[in-house]
Each structure stands twice: as C-alpha cells, then as structure tokens.
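As they're listed, the protein sequences go chains A and B. The first sequence runs 9 to 148 under my numbering. The second sequence runs 15 to 113 under my numbering. Below: one structure, written as structure tokens.
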Amino acid sequence: MKKSWRCFVCNDIHYGTKPPEVCPTCGVRHAYVEISTEEAQKIRLPSSAPFTKDDFRRAITDFASRNAFRVNADAERVETLLEGIFANEANHGLKYCPCRLSTKDFAEDLKIICPCNFLIHETYAGQEKGECWCGLFVKR
Amino acid sequence: MAKLMMFHGRECPHCRRMMPLVDRLEKEEGLILEKFEVWHDEKNADLMRSYRDILAPRCGGQLRTPTFFNPESGDVMCGEVEYERLKAWVKKNAAEGRD
Numbered sequence: 009m010k011k012s013w014r015c016f017v018c019n020d021i022h023y024g025t026k027p028p029e030v031c032p033t034c035g036v037r038h039a040y041v042e043i044s045t046e047e048a049q050k051i052r053l054p055s056s057a058p059f060t061k062d063d064f065r066r067a068i069t070d071f072a073s074r075n076a077f078r079v080n081a082d083a084e085r086v087e088t089l090l091e092g093i094f095a096n097e098a099n100h101g102l103k104y105c106p107c108r109l110s111t112k113d114f115a116e117d118l119k120i121i122c123p124c125n126f127l128i129h130e131t132y133a134g135q136e137k138g139e140c141w142c143g144l145f146v147k148r
Numbered sequence: 015m016a017k018l019m020m021f022h023g024r025e026c027p028h029c030r031r032m033m034p035l036v037d038r039l040e041k042e043e044g045l046i047l048e049k050f051e052v053w054h055d056e057k058n059a060d061l062m063r064s065y066r067d068i069l070a071p072r073c074g075g076q077l078r079t080p081t082f083f084n085p086e087s088g089d090v091m092c093g094e095v096e097y098e099r100l101k102a103w104v105k106k107n108a109a110e111g112r113d
C-alpha cells in the first residue's frame, strides 16, 4: 500500500510504497520519514499560479523527450485532447483521458489519468507505429 | 431494425473523425445510430458504465470511445475505423434485428 513520506531536511514529499534512498531535491540519503496523507497535503502548499494547458503541454513534451515516444505532431489533435483533459479535470476532478470513460471505481480510474501507462496497451506495445489510445503520444 | 448505439466523447479526436462517416452512413443506408456523449452528460456516462461488463473486454479492458454497440446481440466495435468497416458492422448488426 502506498504511503506518504517527508524528507526531514527539505520537506520534499514522496508518495509510494517505500521512500527514495536519496532525496531528489536536496540529495540527502535516508532522509524520509513516514507521515500521514493529511500532513503531506498540508505541507504541499497550494500553488499561487494555475497549471495551465501550456504548462501541461511543456510538461508532457519534456516527459516524452526522455522516452521513446513524442507528443503527436498534429497540433489540432493535441489541442482538442488538451481541451478534453482540462475539461475533465474541471468537471470530474482529475486529468482523465478524453477518449475513455471513468468507471466510478477510483483505483481503476487512476489508470486513465493522462499520461497513462500506455506502454502496455495493445495500441502501443509491439506496434511499429504505436500510439496511446487517444493519440497524444506516438512512438518515435 | 436493431437499435445501434455509439458512445463518444466531445473532445475525443477519434470520435470527431468518425462523426462525418456515421452521418454519411446514416444518409446512405437510411438508418440512425443513437449517439451518447459520455464526458459531458452523466446520464449517458452511466448508461455506458452499465454495459461495462460487455464493452470493456472488447476494448482493451476499459471503456473507450468511440464504441459502437448492439445491445440486443452484445456485438461491440471500438475505435476509429475505415468507412467500409463501419458500414459492414452497422449493416450486419442492423440486419440481425430484422424479422
């Protein structure tokens, strides 16, 4: 079961089954102590600036640059998808994929938050020109 | 004629590409597919969820759009497809409902 962890040096918050050996923010080893999810939420102060579509576009472009896929070159398609992703976050709480539907089973629906783990999907795995179901990410 | 359903999302690019093909097919064949937008209409979303046990196994284990569905026979086709494949699926399923 995943838990919340706090770096005792820099207050970096980690969510996972075990803490990182080295804090990715301050570099201290064995720095994490388990805390409650409520405490973790309090430490993570709300951002003063909204995370915009352009921020998300930059984030997924950076994410893709470190992987074997890229953001689709079809700008119109990407724009449509980002509209849907942000509409879903506004209306349904999280950045759900606009080309699938939530089930109301929260654990199941975590699988369709964009970016999802599309590497295991039949539309990507083993395909020469693989892409995620919605086509936001395509194999290089 | 069998009732045929199409579940789609407003911001789903696959669905947007399929819509003109569905329109063309409806005109050419003189039939209508019932369309249900699922991200901006909770009733439609719940309707699609009610068929989850039938739809998901045919669509990568998830509820995906677009999904074409014949509730009488349980036949499912999901994803963006060529016009001829859509036509063949619709004609086959429409015919199944005739006496």
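Note that the Cβ used here is the ideal one computed from N, Cα and C, for glycine as well. A quick note: this is a predicted structure, and the numbers were derived from the prediction, not measured.
| Query | Result |
| --- | --- |
| Below 8 Å, how does it come out for the segment 77-91 of chain A and the segment 19-29 of chain B: are there three or more Cβ pairs, yes or no? | yes |
| Roughly how many angstroms lie between the CA atoms of Asp117(A) and Tyr104(A), to the nearest whole one? | 8 Å |
| Which chain A residues are close to Arg63(B), counting only those with a beta carbon under 8 Å from its beta carbon? | Leu109, Thr111 and Lys112 |
| Taking a cut of 9 Å between CB atoms, which residues from the segment 16-44 of chain B lie near chain A? | Phe21, Gly23, Arg24, Glu25, Cys26, Pro27, His28, Cys29 and Arg30 |
| So, at 7 Å on beta carbons, what are the nonlocal neighbours of Lys101(B) in its own chain, with the 5 sequence-adjacent residues on each side left out? | Leu39 |
| Can the beta-carbon of Lys11(A) be found closer than 8 Å to that of Glu42(A)? | yes |
| Once DSSP output is grouped into helix, strand and coil, what is the label at Trp103(B)? | helix |
| Suppose you measure from the CA of Pro34(B) to the CA of Val95(B); what does that come to, to the nearest Å? | 12 Å |
| Output, in chain order, the set of chain B residues within a Cβ distance shorter than 8 Å of Arg85(A). | Pro27 |
| Taking beta-carbon pairs under 7 Å, can you tell me which members of the segment 84-102 of chain B lie near chain A? | none |
| Buried or exposed for Leu53(A), going by 16 or more other Cβ atoms inside 10 Å? | exposed |
| Would you mind listing the beta strand (DSSP E) stretches within the segment 31-85 of chain B that are 3+ residues and don't spill past its ends, in chain order? | 48-51 and 81-84 |
| Decide if Arg14(A) is buried, meaning its Cβ has at least 16 other Cβ atoms within 10 Å, or exposed. | buried |
| Compare the beta carbon distance of Val36(A) and Val17(A) with 8 Å and say whether it is the shorter of the two. | yes |
| Does the beta-carbon distance from Cys140(A) to Ile93(A) come in below 8 Å? | no |
| Near Ala72(A), which residues of its chain fall below 7 Å by C-beta distance, leaving aside the five closest residues on each side in sequence? | Arg78, Val79 and Phe145 |
| Just the chain B side, please: which residues come within less than 9 Å of Glu91(A) by C-beta, in chain order? | Arg24 and Glu25 |
| How long is the line joining the alpha carbons of Trp103(B) and Glu110(B), rounded to whole angstroms? | 11 Å |
| Quick one: measure Cβ to Cβ for Glu48(B) and Met91(B), integer angstroms, because I've assumed they're closer than 8 Å. | Not a contact, Cβ separation roughly 15 Å. |
| With 8 Å set as the bound, which would you pick, yes or no: does the beta-carbon of Cys122(A) sit closer than that to a beta-carbon of chain B? | no |
| Which residue comes first and which comes last in the alpha helix (DSSP H) that contains Ser73(A)? | Lys61 to Ser73 |
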